Structure formats: structure tokens, C-alpha cells
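Engineer: Following our numbering, the numbering of the sequence shown begins with 1207 at its first residue and continues without gaps. By construction, the Cβ of each residue, glycine as well, lies at the ideal position given by its N, Cα and C atoms. Keep in mind that this is a model prediction, so the values were computed, not measured. First the structure, which I've put down as C-alpha cells, then a few questions once you've had a look.
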Amino acid sequence: MKILTSKKNAGFTLVEVILALGLTALLLGLLSSSVFIIADDWNRNSDALDQSLDEALAILQLDRSLHGAFPHSFTNQETLSRQVYFSGEEDYLSWVSTVSPQRAAGLTTWELYSVAGEGTYLNMVPAFSDNPRFRLDQMEPALLLLGYEVEFRYLYEELGENKVWIEEWEAQELLRLPLAVYVRFIPQDEEKESLEIVARIRNDEHRSIQPNDLEIRDL
């Protein structure tokens, strides 16, 4: 006597297929969200790194330029006297340097200042035998450090050989450059740290023009 046995189908039911598709879609959604979050974090970190590298390069160029500050002289057309170019205030500085970012031959005039709510601007023109101020006024400055304000101090040696940091320096009156320049870049973002430069100026005196011996505080 033969016993008939029924074989069960080896395939999936419709409910199992729907559950599998649903779980697959859920996993793919979670995976795509994770990839998006990681990519977004990578882009933010990459942008922050690029900005940090740009800031470091800008600080390095300014540091080299200030170390290479030069007592460039020109003739005052009104008095016909020789004057040294270097104009420094608490929030503004313009100087002539032997350093050029393009490594071009000759002297370069640098101008550095900040605009509140914007950042620190830089202007550069070649330095010839005349007053560089005229060419600076004709050039459009470039935004160097976004979101930073700048302040300066200048190292002065008094008659008693005491060295003090002062807030202004006018080389047209003193006929020499400061011994050193201190630059501080203050970020508007409180989470960032200040950037600083302390540059010693070796060529602070002109070869032929004698410095003024008056006390700077009396000027």
C-alpha cells in the first residue's frame, strides 16, 4: 500500500517578501543617512582645514615682510627734504619691505588694516623713488583674513636706552623705523584664538638720513 506525501513549496510567501523588502529599504535609508552625515562632517572639516592653512600662510607672509622692512626714502616735493616711509597707527600700518609674495625683484609697499564686521585687508604696490602713498590710493585692497581685526604696537628705544611699546609710529618725523613690530589679529568668532606676530626689524635706520633724537612722546 502506497502512502501519498505532499511536498511543501520551498519558495517565500508574499508576506515574507514584503518584510524583506521593507527591512532592506530601512537599512539602505539608515546607511544613506550615515553616509550623508559623514560626508557633511568631512566637508566642514575640510573647509576649516583649508581656512586654517590660508590663515597660516598669510601670517607667514606678513611675518617675513615685517622682518624685511626697509627704511625706504623719498623726496618731499613741498620741502625738498628726504623722508623715510613707514606709517604706523594702532589699527593701521604701511611699510616698505624687501620681501615680495611674488618673489619679484625690488622693494614692495605693504598696507594692512581692518574694517569692522568684515576682516583685515591687504594692499601692495611696488616701491619706487617717490612716495608710495600715491599708488596705494589707486589700488583696490584684497581681503586677507575674514572675520579678524588687527592692532599694532611698535618698539621704541628712549634716550635712556629703555625700550617701550607705543601705539603710533611716523617715520616721516622720526626718520627711522621701530626696532620691532607687534601685530595681533583678533577674531570676531569667540571660539577662535588670536593670531600674533612679533617681528624684529634689523634695517631700522637709513644709511644717510640721521634719525631724529627727539622723544617720540613730545612729537
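On the DSSP bridge list, what partners appear for residue 1376?
Structural biologist: Partner(s): 1293.
Engineer: How far does the alpha helix (DSSP H) with residue 1342 in it reach, from first residue to last?
Structural biologist: Its alpha helix (DSSP H) spans residues 1339 to 1344.
Engineer: So residue 1402 and residue 1390 are supposed to be a Cβ contact under 8 Å. How far apart are they, rounded?
Structural biologist: Indeed, because the Cβ distance is near 5 Å, the residues count as touching under 8 Å.
Engineer: Name, in chain order, the residues that DSSP records as bridge partners for residue 1393.
Structural biologist: Partner(s): 1354.
Engineer: How is the beta strand (DSSP E) around residue 1314 delimited, first residue to last?
Structural biologist: It spans 1313 to 1321 - the beta strand (DSSP E) in which residue 1314 sits, taken as one unbroken run.
Engineer: Applying the criterion that 16 or more other CB atoms from any shown protein chain within 10 Å of the CB defines a buried residue, is residue 1302 buried or exposed?
Structural biologist: So residue 1302 ends up on the buried side.
Engineer: So residue 1294 and residue 1325 are supposed to be a Cβ contact under 8 Å. How far apart are they, rounded?
Structural biologist: Not quite, the Cβ-Cβ distance comes to about 20 Å (not below 8 Å), so this is no contact.
Engineer: DSSP three-state label for residue 1279, please.
Structural biologist: Residue 1279: strand per DSSP, three-state reduction.
Engineer: Between the C-alpha atoms of residue 1405 and residue 1289, what's the straight-line distance to the nearest angstrom?
Structural biologist: In a straight line, the C-alpha of residue 1405 is about 23 Å away from that of residue 1289.
Engineer: Is residue 1400 close to chain C, meaning its C-beta is less than 8 Å from at least one C-beta of that chain?
Structural biologist: Any reference to chain C falls outside this structure, which holds one protein chain only.
Engineer: Considering only the beta carbon of each residue, do residue 1264 and residue 1350 sit closer than 8 Å?
Structural biologist: Their beta carbons are under 8 Å apart, which means residue 1264 touches residue 1350 by this criterion.
Engineer: When DSSP labels each residue in this structure, what does residue 1224 get in the three-state scheme?
Structural biologist: Helix, per DSSP.
Engineer: Do residue 1388 and residue 1372 have their beta-carbon atoms positioned less than 8 Å apart in this structure?
Structural biologist: No; because the gap between Cβ atoms is not below 8 Å, this pair is not in contact.
Engineer: Taking the alpha carbon of residue 1195 as the reference point, which residue from 1408, 1410, 1393, 1415 has its own alpha carbon closest?
Structural biologist: This structure leaves residue 1195 out entirely; the chain is present only between 1207 and 1425.
Engineer: Excluding the 5 residues flanking residue 1305 on each side, which residues of the same chain have their C-beta closer than 6 Å to its C-beta?
Structural biologist: Taken in chain order, the residues that qualify are 1270, 1271, 1274.
Engineer: Please classify residue 1300 as buried or exposed, where buried requires at least 16 other C-beta atoms within 10 Å of its C-beta.
Structural biologist: By the neighbour-count rule (16 or more Cβ atoms within 10 Å), residue 1300 is buried.
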